[in-house]
Amino acid sequence: MQDAHGPLPYMLDPPVWIPHIRRSPDFDKKKTRVRPHDGDHNQPPPSKRQALSSQQPASSSMPSSSMRHRATLPHGETSIPASSRPDLENVRARRERNLHRARAQDVAIASPPPSFPRFPATTRQRNPWSDDDSTLLVQLIALERAKWSAIDRKHGHRFEILRNQQAYRDRARNMKVDFLLADTVLPPGFDLVVLGKKEENKVVAGRRNPHRKEDDRDENGRPINTRIEL
1066 MQDAHGPLPY MLDPPVWIPH IRRSPDFDKK KTRVRPHDGD HNQPPPSKRQ ALSSQQPASS
1126 SMPSSSMRHR ATLPHGETSI PASSRPDLEN VRARRERNLH RARAQDVAIA SPPPSFPRFP
1186 ATTRQRNPWS DDDSTLLVQL IALERAKWSA IDRKHGHRFE ILRNQQAYRD RARNMKVDFL
1246 LADTVLPPGF DLVVLGKKEE NKVVAGRRNP HRKEDDRDEN GRPINTRIEL
């Protein structure tokens, strides 16, 4: 109801106080959330397992260091006979066991010490040989017939540590000593690995035959002519 001068005072709405809201200076920089499409709001979120699997990188096709050392041999050879891949850890264990028995026999019979000096079972090396490099050398001795120059020229880059012909020969001699002391069949090509006087003395100290050959085996493939009597 109003008169000629406008609405009556009791019909006016009371004033409303609106507080002043201070805007953050970064308000305009924030991205607003985009509302999903109508067909997506019912889809469940992906599980953590699915999210992780989608983020995993594809497996690398580069070969590991151990695979490089077991690369295909030249001349089309793709496999190595089992006798040329000895279990070096088992060889070392059997070597130590046989040396221990030989020393015990010396003490039991109170025999005088031999005229040749005794040497420790292992020698300290500046660059120790890993089992991978040792296994590779066994394979290359069979392949190259213990020709150290050919091993160095054709295959030197395949070893973990670069060495020379002298290092290959010394390592081959030490491995042959281990095979003889452990009563293990000699791998192919090791008849061509000639022991020096020092290596022969190590084998004799363990009461083993330093002149045993690759073909010294019985009908079951077990080594024979392994022992000597002092």
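Position in the sequence shown (first residue = 1) + 1065 = this note's numbering. The beta carbon of each residue, even a glycine, is placed where N, CA and C say it ideally should be.
Run through DSSP, which three-state label would Arg-1273 get?
The sequence position of residue 1273 within the sequence shown is 208, counting from 1. It is a strand residue.
Compute the beta-carbon to beta-carbon distance between Ala-1207 and Gly-1271, rounded to the nearest angstrom, for a pair I have assumed lies under 8 angstroms.
Start at 1 with the first residue of the sequence shown, and residue 1207 comes out as number 142. Start at 1 with the first residue of the sequence shown, and residue 1271 comes out as number 206. That belief does not hold up - the Cβ atoms of Ala-1207 and Gly-1271 are roughly 25 angstroms apart, past 8 angstroms.
Leu-1202 and Tyr-1233: beta carbons closer than 8 angstroms?
Taking the first residue of the sequence shown as 1, we reach residue 1202 at position 137. Taking the first residue of the sequence shown as 1, we reach residue 1233 at position 168. It is a contact, given that the beta carbons lie within the stated cut-off.
Could you pull the DSSP bridge partners for Arg-1282 from this structure?
Taking the first residue of the sequence shown as position 1, residue 1282 is located at position 217. Arg-1282 pairs with Pro-1288.
Neighbourhood of Asp-1281 by C-beta, 7 angstroms cutoff - its chain only, sequence neighbours within 5 removed
On the sequence shown, position 216 is the one that residue 1281 refers to. Excluding sequence neighbours, Asp-1281 sits near Pro-1288, Ile-1289, Asn-1290.
Is it right to say Lys-1267 is buried, meaning 16 or more other beta carbons lie within 10 angstroms of its own, or is it exposed?
Position 202 of the sequence shown, counted from the first residue, corresponds to residue 1267. That one is buried.
How is the alpha helix (DSSP H) around Val-1203 delimited, first residue to last?
Mapped onto the sequence shown, residue 1203 falls at position 138. 1196-1209 is the span of the alpha helix (DSSP H), which, as asked, contains Val-1203.
Since Val-1258 and Arg-1238 should fall inside the 8 angstroms C-beta cutoff, what is the C-beta to C-beta distance between them, to a whole number of angstroms?
Taking the sequence shown and counting its residues from 1, one reaches residue 1258 at position 193. Taking the sequence shown and counting its residues from 1, one reaches residue 1238 at position 173. Their Cβ separation, rounded to whole angstroms, is 6 angstroms, which keeps Val-1258 and Arg-1238 in contact under 8 angstroms.
Beta-carbon proximity check, Leu-1260 vs Lys-1241, cutoff 8 angstroms:
Within the sequence shown, the letter at position 195 stands for residue 1260. Within the sequence shown, the letter at position 176 stands for residue 1241. Contact flag set, yes.
Contact check, Asp-1197 vs Glu-1225 under 8 angstroms by CB: the rounded distance?
What you label residue 1197 is simply residue 132 of the sequence shown in a count that begins at 1. What you label residue 1225 is simply residue 160 of the sequence shown in a count that begins at 1. Confirmed, Cβ separation roughly 7 angstroms.
Does Ser-1214 pass the burial test, meaning 16 or more other C-beta atoms within 10 Å, or should it be called exposed?
Translated into positions along the sequence shown, residue 1214 becomes position 149. Under this definition Ser-1214 is an exposed residue.
With a threshold of 16 other CB atoms inside 10 Å of the CB of Arg-1012, please say whether the residue is buried or exposed.
Since the displayed the chain opens at 1066 and closes at 1295, residue 1012 lies outside it and no answer follows.
What are the boundary residues of the alpha helix (DSSP H) that includes Val-1258?
Locating residue 1258 in the sequence shown gives position 193, where the first residue counts as 1. It is not in any alpha helix (DSSP H) - Val-1258 carries neither H nor E in the DSSP assignment.
Does DSSP classify Val-1250 as helix, strand or coil?
In the sequence shown, counting from the first residue as 1, residue 1250 sits at position 185. Reduced to three states, the DSSP call for Val-1250 is coil.
Is it the case that the Cβ atoms of Ala-1040 and Arg-1166 are separated by a distance below 8 angstroms?
Residue 1040 cannot be examined here, being either before or after the span of the chain that is shown, 1066 to 1295.
Suppose the cutoff is 6 angstroms on Cβ atoms and the five residues either side in sequence are ignored; what does the same chain contact list for Glu-1209 look like?
In the sequence shown, residue 1209 corresponds to position 144, counting from 1. Correct list, in chain order: Ala-1215, Ile-1216.
Coarse secondary structure for Arg-1228, derived from DSSP in three states:
The residue you call residue 1228 lines up with position 163 of the sequence shown. In this structure, Arg-1228 counts as coil in the three-state DSSP scheme.
Specify, as a first and last residue, the run of the alpha helix (DSSP H) that Asp-1217 falls within.
Along the sequence shown, one-based indexing puts residue 1217 at 152. Residues 1213-1220.
Anyone know if the C-beta pair for Asn-1274 and Leu-1251 falls short of 8 angstroms?
Counting from 1 along the sequence shown, the entry for residue 1274 is found at position 209. Counting from 1 along the sequence shown, the entry for residue 1251 is found at position 186. Cβ distance not < 8 angstroms, so Asn-1274 and Leu-1251 don't count as in contact.
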